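Student: Just so you know, the sequences run in chain order A and B.
All you need for the working numbering is the position in the first sequence, starting with 1, plus 76.
All you need for the working numbering is the position in the second sequence, starting with 1, plus 13.
Glycine included, C-beta positions come from ideal geometry on N, C-alpha and C.
Given the structure is predicted, the values throughout are model-derived calculations rather than measurements.
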Amino acid sequence: MLTSRIRQLMVAVLSVIFGISMYVAMNGFMGGVNDSQTEITFTSMAHIKIYNETPDEVAPITTVPKNEQAYSYVSNTKNINYTEGIKNVDGLKNILQDIDNITGYTAQINENVFIQNGVLQQSATLSGVETETENQLFKTADYMVEGNFFDIDKRSDGIILGIGLAEKMGVNMGNSITLSTSQGVKKNFKIVGIIETGAMSADKSKAIVSIRTARQFLSKNRSYATEVQVNVEDYNQARQVAKMIAPHTKYKVQAWQEGNAQLDSSSFLRDILAISVSLTILIVAGFGIYNIMNMTVNEKIKEIAILKAMGFDGQDIKTIFVSQALFIGLIGGFLGLIIGNIIIRIIDHVPFNIGPMDSLPVSYRPQDYILAFGFGILFTFIAGYLPARKASKLDPVEILRG
Amino acid sequence: MTNTKQSIVATGINKYFYDPVNFHVLKDINFEVNKGEFVAITGKSGSGKSTLMYLLSTMDNDYEGNITINGQQVTGLNQKQLADFRNEHIGFVFQFHYLLPEFTVLDNLMLPALKLNKKPKEEIEHRALELINLLDVKGQEKKLASRLSGGQQQRIAIARAMMNEPAIIMGDEPTGNLDSKNANVVIETFRHLAKELGQTIIAVTHDHDFAKRCDRIIELADGRIV
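Structure below.
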């Protein structure tokens, strides 16, 4: 209202635009990086895993001696009544069906095996999967480099290898390989597909067959699985859902965070970094506004004095300057959001060919925009309020007497 | 003690400055100004005449004594009440016009009345145009205040002082920055307002010609009325 300096106003607006657009762009980019990291992780891992945990302490079966003088000691205890895997997976599935927030689940048999191709021998993780639900959870079919994921249902000797594993074995589509279990059972398989998930360790060790084939190969009953993978609506809620499942089953229910603290913490650290850098930019923009508003107050000191003489009180003066700062904040904020969105769109189109990505990852989270705008308004308000308070406290007599 | 004819009653006014040294500026000042009077406060520089005017104008409230304006005691009111009181009852004309340069003449005039917020906008605009006619600056209302000549700006400042039909117009060297021709116009305007409209006017001046044409002169010397 009191400014005649269009250029100063523009500089102030530009600094807010810069601050807010950087906030949006940085957080959008970091969010995208986090999301893509999580997405890669969840191509081979579900949000919650239910499995039969090996008891870590073995209680020796002994009778306590009546005689207190006697002392019993059992060394080298061994499990003798441990049942491997989940015997009745269908029962577990029925339980999962009734729990809210679960978007999907699939049973798997994961077993360490050896793969042989002539004299070449490699250890690998054999996954017996239910193709339909497996694909729902992990979109496995999307990561197939060659062949069709569902072909393993069609032929009981079909197998899909991770791309790294196939390279190590020197095999291609259509080749035959031999699998052997730790029990010494051997079976020939024919490669019907190659998969690349982007998670290096999985690609180097994974071999996929249908769950029926796996049961047969390992001579297990038709409701056997080693684990059930469960996806929930929001993976950040996995811990809560895991707690809901746990009372219904004797098996171990593990949320993804428990086994992957490094993922959780690195996402968190990246977020902190992005927010602190972008807040710093916003604060610097705030200093710019503070400076400009202070100059305006000094320049308009006579006008402020005359307004006070005319009967405008301190509150009116404060309102004038604060509303000017908020005007700068609002205009800069809106333009900043738009420009931030444009920057994010540009980043979205920058080519980046690593893993499953073909351009830089970004996210379009509404909360980034809301927070950017909120912080922007907050800082411009503070930056405007301090000079406004100074102006409201000026003594008109001192100024008018010169 | 007060009656309806009195515009200002000041009793036992003492004022001290503490910075840079303790100094007794105004010493036991007592006087009254009647409604419709055109009074000049004169004196040498340092005599305390400006200080007295700022006390009367309620902008400075750090003094001993008692000031009553139009029957209302203003001594002891808080800053917010004083600001509202000034808005409604006191108009100012300074040595410099202090119009807001990026506002039009009309907006400058309307500002005090919009702050008072007692009349609809149309009526305020009407009043502003009336005053522009009265002070003979017709046709300038849409111009920016910074585009007028010095004499015109000072007349607009007087019009602004009159917007809310104040009890008193206070002038601090209102002709101090004008050439003799424009000064004459301003003095005549004041005389006209006092005579025809019964407007109380108190002006600080060291211009003898100005002082002579007032109804009464209050002369200060060393903080006392002579």
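1) Closest to residue 438 (chain A) by C-alpha separation, out of A:455, A:167, A:416, A:451, would be which residue?
2) Hey, how far is the Cα of residue 291 (chain A) from the Cα of residue 220 (chain A)?
3) Compute the Euclidean distance between the alpha carbons of residue 209 (chain B) and residue 402 (chain A), then round it to the nearest angstrom.
4) Does any CB atom of chain A fall closer than 8 Å to the CB of residue 128 (chain B)?
5) For a cutoff of 8 Å on Cβ pairs, would you count residue 99 (chain B) as touching chain A?
6) Who does residue 185 (chain B) pair with in a DSSP beta bridge?
7) To the nearest angstrom, how far is it from the Cα of residue 112 (chain A) to the Cα of residue 85 (chain A)?
8) Using the three-state DSSP reduction, which class does residue 470 (chain A) fall into: helix, strand or coil?
9) Helix, strand or coil for residue 243 (chain A)? Go by DSSP, reduced to three states.
10) Counting Cβ pairs closer than 8 Å, one from the stretch 150-158 of chain B and one from the stretch 117-130 of chain B, do we hit at least three?
11) Quick check on the DSSP output: the alpha helix (DSSP H) that includes residue 366 (chain A) runs from which residue to which?
12) How many angstroms separate the CA atom of residue 201 (chain A) from the CA atom of residue 237 (chain A)?
13) Is the distance from the Cβ of residue 20 (chain B) to the Cβ of residue 79 (chain B) below 8 Å?
14) Please report the distance separating the alpha-carbon of residue 199 (chain B) from that of residue 380 (chain A).
15) Apply the 10 Å Cβ neighbour rule to residue 166 (chain B) and answer buried if 16 or more other Cβ atoms are within range, or exposed otherwise.
16) Taking just the CA atoms, how far does residue 189 (chain B) sit from residue 220 (chain B)?
17) Which ranges would you report for the beta strand (DSSP E) in the stretch 130-190 of chain B if only whole runs of at least 3 residues count?
18) For residue 147 (chain B), which residues in the same chain have their Cβ closer than 8 Å to its Cβ, ignoring the five residues on either side in sequence?
19) Excluding five sequence neighbours on each side, which residues of the same chain lie with their C-beta closer than 6 Å to the C-beta of residue 61 (chain B)?
20) Starting from residue 92 (chain B), find everything on chain A with Cβ-Cβ shorter than 8 Å and list it in chain order.
21) Using a Cβ-Cβ cut-off of 6 Å (strictly less than) and excluding sequence neighbours within five positions of residue 436 (chain A), which residues of its own chain qualify?
22) Quick check: what's the CA-CA separation for residue 153 (chain B) versus residue 194 (chain B)?
23) Can you look up residue 441 (chain A) in the DSSP assignment and give me helix, strand or coil?
24) Using a Cβ cut-off of 8 Å, which residues of the stretch 122-151 of chain B contact any Cβ in chain A, in chain order?
25) Consider the Cβ of residue 469 (chain A): report whether some Cβ of chain B lies at a distance smaller than 8 Å.
26) How is residue 475 (chain A) classed by DSSP in three states: helix, strand or coil?
27) Which chain A residues are close to residue 175 (chain B), counting only those with a beta carbon under 9 Å from its beta carbon?
28) Can you pull the chain A residues whose beta carbon is under 7 Å from the beta carbon of residue 67 (chain B), in chain order?
Tutor: In short, the structure shows the following:
1) In the first sequence, residue 438 (chain A) corresponds to position 362, counting from 1. The shortest Cα separation from residue 438 (chain A) among A:455, A:167, A:416, A:451 belongs to A:416.
2) Taking the first residue of the first sequence as 1, we reach residue 291 (chain A) at position 215. Taking the first residue of the first sequence as 1, we reach residue 220 (chain A) at position 144. Spanning the two alpha carbons is a distance of roughly 24 Å.
3) The residue labelled residue 209 (chain B) in the question sits at position 196 within the second sequence. The residue labelled residue 402 (chain A) in the question sits at position 326 within the first sequence. Each residue's CA atom was taken as its position, placing residue 209 (chain B) and residue 402 (chain A) some 47 Å apart.
4) Taking the second sequence and counting its residues from 1, one reaches residue 128 (chain B) at position 115. Proximity of residue 128 (chain B) to chain A, defined by a Cβ-Cβ separation below 8 Å, is satisfied.
5) Position 86 of the second sequence, counted from the first residue, corresponds to residue 99 (chain B). For residue 99 (chain B), the nearest beta carbon of chain A is closer than 8 Å to its own beta carbon.
6) For the purposes of this step, residue 185 (chain B) is taken as residue 172 along the second sequence, with counting starting at 1. B:217, per the DSSP bridge assignment.
7) Taking the first sequence and counting its residues from 1, the one referred to as residue 112 (chain A) is at position 36. Taking the first sequence and counting its residues from 1, the one referred to as residue 85 (chain A) is at position 9. One Cα belongs to residue 112 (chain A), the other to residue 85 (chain A), and the distance between them is close to 40 Å.
8) To locate residue 470 (chain A), count along the first sequence from 1; it is residue 394. Residue 470 (chain A) falls in the coil class under three-state DSSP.
9) Start at 1 with the first residue of the first sequence, and residue 243 (chain A) comes out as number 167. Helix.
10) They touch, by the three-pair rule.
11) Residue numbering aside, residue 366 (chain A) sits at position 290 when the first sequence is read from its first letter. Where residue 366 (chain A) is concerned, the enclosing alpha helix (DSSP H) stretches over 337-375.
12) Here residue 201 (chain A) is taken as the residue at index 125 of the first sequence, counted from 1. Here residue 237 (chain A) is taken as the residue at index 161 of the first sequence, counted from 1. Between residue 201 (chain A) and residue 237 (chain A), the alpha-carbon positions lie close to 10 Å from each other.
13) For the purposes of this step, residue 20 (chain B) is taken as residue 7 along the second sequence, with counting starting at 1. For the purposes of this step, residue 79 (chain B) is taken as residue 66 along the second sequence, with counting starting at 1. In this structure, residue 79 (chain B) does not lie closer than 8 Å to residue 20 (chain B) by Cβ.
14) Position 186 of the second sequence, counting from 1, holds the residue named residue 199 (chain B). Position 304 of the first sequence, counting from 1, holds the residue named residue 380 (chain A). Their Cα atoms are separated by approximately 25 Å.
15) Sequence index remark: in the second sequence, residue 166 (chain B) carries index 153 (1-based). Flag for residue 166 (chain B) reads buried.
16) In the second sequence, the residue the question calls residue 220 (chain B) occupies position 207. In the second sequence, the residue the question calls residue 189 (chain B) occupies position 176. Separation of residue 220 (chain B) and residue 189 (chain B) (C-alpha to C-alpha, rounded to the nearest whole angstrom) is 8 Å.
17) Entirely contained in the stretch 130-190 of chain B, the beta strand (DSSP E) runs reaching 3 residues are, in chain order, 181-185.
18) As a working note, residue 147 (chain B) is residue 134 in the second sequence. Cβ neighbours of residue 147 (chain B) beyond the five flanking positions: 172.
19) As a first step, residue 61 (chain B) must be located in the second sequence, where it is residue number 48. 38, 39, 233, 236, listed in sequence order.
20) Locating residue 92 (chain B) in the second sequence gives position 79, counting from the first residue. Neighbours of residue 92 (chain B) on chain A, chain order: 389, 390.
21) For the purposes of this step, residue 436 (chain A) is identified with residue 360 of the first sequence, where counting begins at 1. If you ignore the 5 residues before and after residue 436 (chain A), its C-beta comes within less than 6 Å of the C-beta of 423, 426, 428, all in its own chain and listed in chain order.
22) For the purposes of this step, residue 153 (chain B) is identified with residue 140 of the second sequence, where counting begins at 1. For the purposes of this step, residue 194 (chain B) is identified with residue 181 of the second sequence, where counting begins at 1. Roughly 20 Å separates the two Cα atoms.
23) Walking along the first sequence from the start, residue 441 (chain A) turns up at place 365. Note: residue 441 (chain A) maps to coil in three-state DSSP.
24) Going along the stretch 122-151 of chain B in chain order, one finds 124, 125, 128, 129 with a Cβ nearer than 8 Å to chain A.
25) By one-based count along the first sequence, residue 469 (chain A) stands at place 393. Chain B places no beta carbon closer than 8 Å to that of residue 469 (chain A), leaving this residue out of the contacts.
26) Your numbering for residue 475 (chain A) matches position 399 in the first sequence. Helix at residue 475 (chain A).
27) Working through the second sequence from its first residue, we reach residue 175 (chain B) at position 162. What residue 175 (chain B) touches in chain A: nothing, since even the nearest Cβ is about 12 Å away.
28) Counting from one through the second sequence, the residue named residue 67 (chain B) turns up at place 54. Those within 7 Å of residue 67 (chain B) in chain A are 473.
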